[in-house]
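Reading through the structure tokens given below for one structure.
Protein chains: 2
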Amino acid sequence: MNQLPAPGLERLCLHTITTKPWKIEEAARNYSAAGVKGITVWRDTLEGRNISQTGEMLHQHGLEIVSLCRGGFFPSIDPEKRKAAIDENRRAIDEAFTLGTDKIVLVCGADPAQSLEDSRKQIHDGIAAIIPEAAAAGVRLAIEPLHPMFADTRSAINTLSQANDLAEMLNTPWVGVAVDVYHLWWDPELENEIRRCGRNNNLLAFHVCDWKSPTTDMLNDRGLMGEGCIPLKKIRSWVEEAGFKGFIEVEIFSNEYWKMDQSIFLERIVKAYKEFV
Amino acid sequence: MNQLPAPGLERLCLHTITTKPWKIEEAARNYSAAGVKGITVWRDTLEGRNISQTGEMLHQHGLEIVSLCRGGFFPSIDPEKRKAAIDENRRAIDEAFTLGTDKIVLVCGADPAQSLEDSRKQIHDGIAAIIPEAAAAGVRLAIEPLHPMFADTRSAINTLSQANDLAEMLNTPWVGVAVDVYHLWWDPELENEIRRCGRNNNLLAFHVCDWKSPTTDMLNDRGLMGEGCIPLKKIRSWVEEAGFKGFIEVEIFSNEYWKMDQSIFLERIVKAYKEFV
Chain A
2 MNQLPAPGLE
12 RLCLHTITTK
22 PWKIEEAARN
32 YSAAGVKGIT
42 VWRDTLEGRN
52 ISQTGEMLHQ
62 HGLEIVSLCR
72 GGFFPSIDPE
82 KRKAAIDENR
92 RAIDEAFTLG
102 TDKIVLVCGA
112 DPAQSLEDSR
122 KQIHDGIAAI
132 IPEAAAAGVR
142 LAIEPLHPMF
152 ADTRSAINTL
162 SQANDLAEML
172 NTPWVGVAVD
182 VYHLWWDPEL
192 ENEIRRCGRN
202 NNLLAFHVCD
212 WKSPTTDMLN
222 DRGLMGEGCI
232 PLKKIRSWVE
242 EAGFKGFIEV
252 EIFSNEYWKM
262 DQSIFLERIV
272 KAYKEFV
Chain B
2 MNQLPAPGLE
12 RLCLHTITTK
22 PWKIEEAARN
32 YSAAGVKGIT
42 VWRDTLEGRN
52 ISQTGEMLHQ
62 HGLEIVSLCR
72 GGFFPSIDPE
82 KRKAAIDENR
92 RAIDEAFTLG
102 TDKIVLVCGA
112 DPAQSLEDSR
122 KQIHDGIAAI
132 IPEAAAAGVR
142 LAIEPLHPMF
152 ADTRSAINTL
162 SQANDLAEML
172 NTPWVGVAVD
182 VYHLWWDPEL
192 ENEIRRCGRN
202 NNLLAFHVCD
212 WKSPTTDMLN
222 DRGLMGEGCI
232 PLKKIRSWVE
242 EAGFKGFIEV
252 EIFSNEYWKM
262 DQSIFLERIV
272 KAYKEFV
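First to last, the sequence lines map onto chains A and B.
Under our numbering, residue 278 is the last one in the first sequence; the count climbs by one each step, no gaps.
Under our numbering, residue 278 is the last one in the second sequence; the count climbs by one each step, no gaps.
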């Protein structure tokens, strides 16, 4: 495992949220200067901007727009809110198309006021409802299973097995799965499910960071690769054996790192990517 | 589901840690006065006490000693620490026998310095090592799968499926499983695995509390039954359909509730037990 060669910089993608203090223009300039080749754009960074021009700006910096983050949040006990969520996802598809990316990450959502089974059904129905728009825009929807600690409000899809089931049930080239090591590293079925995901051509994205011990905040205390206990090289080897050749996306939410000088943080990300992924 | 009748007080058990500010003598007196019939004793409450006399004291208050909490923590990258953990578990078995309970809850442990696979193997080997002492003392070992958010340091056994696998592999009447709703509520396989657990006579314990939204502390922000999103009645119905007729154990770690007047908290627990479990 430790013999797995370091991935090339040409496969390194950063999520804009990883360097949250930077505006998207700053992020683009700095990522590009550091040799990063991909960017996943969080929707908040587009606020008040011309989306098409922002996409051009990113391309001019030599960045491939790997995906738009994020769609989803389909479930609600309130039918009006479910309808609004579907509309919002249609806007996200438009945005992705205009920006110039062919992928949206779905954080599926959950509503603690109803059962997980109901939330799961609404996630299925919500995704099914937007497939025509996704197909028309040439945008693939990547279901990201979230850690079970987010099952109450963020996602009722908490294992790769569930995400695979859902993608296979929807059975369209426009729906696949995003594998994020933070959410899935603990799962004894992970290797099998990554293999299954690849076999069905559903493996659309690969996100990395690390799990710190102790983790002091459920949402915003993710670690830089190498400073936690996630077997990154092992999981990357599974993902690559499953046929995935796409970008390796660094997605770190961290109150601690967001306080740092982001240029120094970016240097550390590139170093950690080469050494630990 | 909502028609499931309230469980009787004769099945209510409290973990001493639920009312952590109380010494065990206070807990015994107050539980008993509130009509609680079972107590699960955390080992820290026995410090500096004659264990046999403490057991008698609990019995004199009409309390059945449901289990001793907790053994486990078998894995370590350091072989000396693994050996020490096995010795410590043997002491816990002695303590359980002397106290007068026939069950120990195992929080299996994990070491972020090694792979989950290694930790799981060491858990298996650690439990196997203490089965002779458990059998001699007439003490059953209940493997408690812990929420995946504790996979780094607290337990590499994170689903009921894994706990069932392990109990079936060890294949002895002295090893079974503890089902805690806090750790397992999110699992889409939960109903099936509870059924399997019962079918194999491995369902030894049932712990309840609730999952609050938001949860502000990974360890010590558990909710009182009814104030979160866990489908308690549904899960209780599965556990009972699987043949479990034992105590329903309230195990709440909560910085918030520990700050309260514990007598008022106890009243709220009894009320919540009747209404929401």
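We put the beta carbon where it would ideally sit given N, CA and C, even for glycine.
Inset, instruction - Using 10 angstroms around the beta-carbon of Met150(B), count the other beta-carbons present and answer buried if the total reaches 16, otherwise exposed. - result: buried
Legend entry - Own chain partners of Arg121(A) with C-beta closer than 6 Å, once the 5 adjacent residues on each side are dropped: Ala157
Inset, instruction - Return the bridge partner residues of Glu65(A) from the DSSP annotation. - result: Gly39(A)
Inset, instruction - Kindly identify the DSSP beta-bridge partner or partners of Ser255(A). - result: Asp222(A)
Inset, instruction - Report all residues from its chain with a CB closer than 7 Å to the CB of Val108(A); omit the five preceding and five following residues, and keep chain order. - result: Arg71, Gly73, Phe74, Glu145, Leu147, Arg155, Ser156
Legend entry - Delimiting residues of the alpha helix (DSSP H) encompassing Gly199(B): 191-200
Legend entry - Simplified DSSP state of Glu48(B), which is helix, strand or coil: Shown here, Glu48(B) sits in coil according to DSSP, grouped into three states, outside any helix or strand.
Inset, instruction - Assuming Glu252(B) and Cys198(B) form a contact by the criterion Cβ under 8 Å, report the distance between their Cβ atoms to the nearest whole angstrom. - result: Their Cβ separation, rounded to whole angstroms, is 18 Å, which puts Glu252(B) and Cys198(B) out of contact at 8 Å.
Inset, instruction - Would you verify that the beta carbon of Met150(A) is, or is not, closer than 7 Å to some beta carbon of chain B? - result: yes
Inset, instruction - For Lys21(B), count neighbouring C-beta atoms within 10 Å of its own C-beta (all shown protein chains included) and say buried if the count is 16 or more, exposed if not. - result: buried
Legend entry - Cβ pair Arg141(A), Trp175(A) closer than 7 Å: In this structure, Trp175(A) lies closer than 7 Å to Arg141(A) by Cβ.
Inset, instruction - Return yes when the Cβ of Leu233(B) is within less than 7 Å of the Cβ of Phe277(B), no when it is not. - result: In this structure, Leu233(B) lies closer than 7 Å to Phe277(B) by Cβ.
Legend entry - Per-residue DSSP class, three states only, for Glu250(B): strand
Inset, instruction - Alpha carbon to alpha carbon, how far is Asp88(B) from Met2(B)? Give it in angstroms, no decimals. - result: Only weak support exists for where Met2(B) lies, its pLDDT of 48 falling under 50; the value from the coordinates is given anyway. Going from the Cα of Met2(B) to the Cα of Asp88(B) covers about 45 Å.
Legend entry - Start-end ranges of the alpha helix (DSSP H) lying completely within the region 111-188 of chain B, minimum 4 residues: 117-138, 161-171, 182-185
Legend entry - Cut-off 8 Å between Cβ atoms - residues of its own chain near Leu64(A), not counting five sequence neighbours on either side: Ala29, Tyr32, Ser33, Val37, Lys38, Gly39, Ile40
Inset, instruction - Kindly indicate if chain B contains any beta-carbon less than 7 Å away from that of Asp153(A). - result: yes
Inset, instruction - Mind checking the region 66-80 of chain A against chain B and listing, in chain order, the residues whose C-beta falls within less than 8 Å of any C-beta there? - result: none
Inset, instruction - Please list the partners that Trp175(B) has in chain A, where partner means a Cβ-to-Cβ separation under 7 Å. - result: Correct list: empty, because the minimum Cβ distance to chain A is about 24 Å.
Legend entry - Cβ distance (whole Å) where Val66(B) is taken to contact Thr102(B) below 8 Å: Note that residue 66(B) is Ile in the sequence shown, not Val. Going by Cβ atoms, the distance from Ile66(B) to Thr102(B) rounds to 4 Å, so yes, they are a contact pair.
Inset, instruction - Alpha carbon to alpha carbon, how far is Ala273(A) from Ala7(A)? Give it in angstroms, no decimals. - result: It is roughly 10 Å from the alpha-carbon of Ala7(A) to the alpha-carbon of Ala273(A).
Legend entry - Burial state of His208(A), where buried means 16 or more other Cβ atoms lie within 10 Å: By the neighbour-count rule (16 or more Cβ atoms within 10 Å), His208(A) is buried.
Inset, instruction - Closer than 6 Å by C-beta to Arg196(A): which residues in its own chain qualify, once you throw out the five before and the five after it? Chain order, please. - result: Cβ within range, chain order: Ala243.
Inset, instruction - Identify every residue that forms a DSSP beta bridge with Phe74(B). - result: Under DSSP, no beta-bridge partner is assigned to Phe74(B).
Legend entry - Below-7 Å beta-carbon distance, Met2(A) vs any chain B residue: Residue confidence is low: Met2(A) scores 48 on pLDDT, short of 50, so the model does not pin down where it sits. No coordinate-derived value is stated.
Inset, instruction - Pick out whichever of Arg50(B), Asn51(B), Leu100(B), Ile128(B) has its Cα sitting closest to the Cα of Arg83(B). - result: When each option's Cα is compared against that of Arg83(B), the closest is Ile128(B).
Legend entry - Cutoff 7 Å: Trp212(B) Cβ touching any chain A Cβ: yes
Legend entry - Residue from Gly9(A), Trp43(A), Leu10(A), Leu13(A) whose Cα sits closest to the Cα of Lys24(A): Trp43(A)
Legend entry - Where the alpha helix (DSSP H) containing Ala206(B) begins and where it ends: Ala206(B) -> not in any alpha helix (DSSP H); beta strand (DSSP E) instead, spanning 204-209.
Inset, instruction - Using only alpha-carbon positions, find the residue among Asp262(A), Leu171(A), Ala97(A) that is nearest to His125(A). - result: Leu171(A)
Legend entry - Cα-Cα separation between Leu161(B) and Glu48(A), rounded to whole angstroms: Roughly 44 Å between the two C-alpha positions.
Legend entry - Contacts that Asn221(A) makes with chain B (C-beta to C-beta distance below 8 Å): Within 8 Å Cβ-Cβ: nothing; Asn221(A) doesn't reach chain B, min ~13 Å.
Legend entry - Between the CA atoms of Pro133(B) and Ala168(B) - distance to the nearest angstrom: 15 Å
Inset, instruction - Whole angstroms is fine: what's the gap from Phe245(A)'s alpha carbon to Val271(A)'s? - result: If you take the alpha carbons of Phe245(A) and Val271(A), they lie about 21 Å apart.
Inset, instruction - Return helix, strand or coil for Lys275(A), following the three-state DSSP convention. - result: helix
Legend entry - Near-chain B residues of the region 80-113 of chain A - C-beta to any C-beta below 8 Å: Pro113
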